[in-house]
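>
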Amino acid sequence: MSVQQYWKEINNASEKVSSLINSYWHEHSDWGNWQFWVLLIFLLIPLVVLLIKLDRRRTFEILFFGFTVHMLWTYTENSLIRKGYIDHHYFIIPFLPQALGITASFLPVSFMLLYQFCIKNNKNFLVWTAGLSAVMAFVFAPIEKLLGFLSTLKGFTIFHIFLLDIAITMIAYGLTKFFTNFYKKSQ
1 MSVQQYWKEI
11 NNASEKVSSL
21 INSYWHEHSD
31 WGNWQFWVLL
41 IFLLIPLVVL
51 LIKLDRRRTF
61 EILFFGFTVH
71 MLWTYTENSL
81 IRKGYIDHHY
91 FIIPFLPQAL
101 GITASFLPVS
111 FMLLYQFCIK
121 NNKNFLVWTA
131 GLSAVMAFVF
141 APIEKLLGFL
151 STLKGFTIFH
161 IFLLDIAITM
171 IAYGLTKFFT
181 NFYKKSQ
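Each residue of the sequence shown is one higher than the last, beginning at 1 in full-length UniProt numbering.
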């Protein structure tokens, strides 16, 4: 097949998938379903908590860290969904990433508040990250699975989520420290 033929096939398949997702969302995931409201709460409540609890003296550092966690988790999750390792059965809006409330708010804000706590109290961030990652993976994810929000497929397990939480958070931590040190040196 030529490049144009491939892209024609890809675009046709993409249109079919988009149509299916829209139909599914209207039947099972829109504002008439309790799952929509749970996801909306997971999107909004953490942001409100962050507005109240954020250390204003380190706003950009903490927000950069959280944004990095959000972006890394969103890209990772999209890859896992595309490869068929996980599925999120409910979502807020059909044309946005499926676990928007979790990857855009709940996860990053949780790790942002942990980051803030650790730097404020001089705690070991890796140890605390492992603890929060364990709670997210071994408590929160099984509840998501039990309620039908999440499926893990093809041998992908909760333990993999735990490892990804740690890896993504530590990469975000490393990038944040790199940039904060870089800008401190240049001043």
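All C-beta atoms, glycine included, are put in the ideal place defined by N, C-alpha and C.
Taking Cβ positions, are T169 and F91 nearer each other than 8 Å?
To locate residue 169, count along the sequence shown from 1; it is residue 169. To locate residue 91, count along the sequence shown from 1; it is residue 91. Contact flag unset, no.
> Are the stretch 109 to 125 and the stretch 54 to 71 touching by the rule of at least three beta carbon pairs closer than 8 Å?
As far as the Cβ criterion goes, the stretch 109 to 125 touches the stretch 54 to 71, which means the pair count is three or higher.
> In the DSSP output, what is L150 paired with across the bridge?
Counting from 1 along the sequence shown, the entry for residue 150 is found at position 150. In DSSP, L150 forms a bridge with H88.
> Taking only the alpha-carbon atoms, compute the straight-line gap between L163 and S133 and give it to the nearest angstrom.
On the sequence shown, residue 163 is found 163 positions in, with the first residue counted as 1. On the sequence shown, residue 133 is found 133 positions in, with the first residue counted as 1. Taking the straight line joining both Cα atoms gives about 8 Å.
> Residues in its own chain within less than 7 Å of T180 by CB, not counting five upstream and five downstream?
The residue given as residue 180 occupies position 180 in the sequence shown. Counting only Cβ-Cβ distances below 7 Å, and skipping sequence neighbours, we find E61.
> Confirm, please, whether the CB-CB distance from F156 to I102 is below 8 Å.
Residue numbering aside, residue 102 sits at position 102 when the sequence shown is read from its first letter. Residue numbering aside, residue 156 sits at position 156 when the sequence shown is read from its first letter. Not in contact: I102 and F156 (Cβ atoms no closer than 8 Å).
> Mapping the DSSP letters down to three states, classify T157 as helix, strand or coil.
For the purposes of this step, residue 157 is taken as residue 157 along the sequence shown, with counting starting at 1. Three-state result, T157: coil.
> Within 10 angstroms of the Cβ of M136, are there 16 or more other Cβ atoms? Answer buried if so, exposed if not.
Here residue 136 corresponds to residue number 136 of the sequence shown, with the count starting at 1. Its Cβ being crowded by 16 or more others within 10 Å, M136 is buried.
> Of all the options W128, H88, P94, which has the alpha carbon lying nearest to the alpha carbon of E15?
To locate residue 15, count along the sequence shown from 1; it is residue 15. Minimum Cα distance to E15 is reached at P94.
> Would you say F125 and Y183 are within 8 Å of each other, going by their C-beta atoms?
Counting from one through the sequence shown, the residue named residue 125 turns up at place 125. Counting from one through the sequence shown, the residue named residue 183 turns up at place 183. No, the Cβ-Cβ distance between F125 and Y183 is not below 8 Å.
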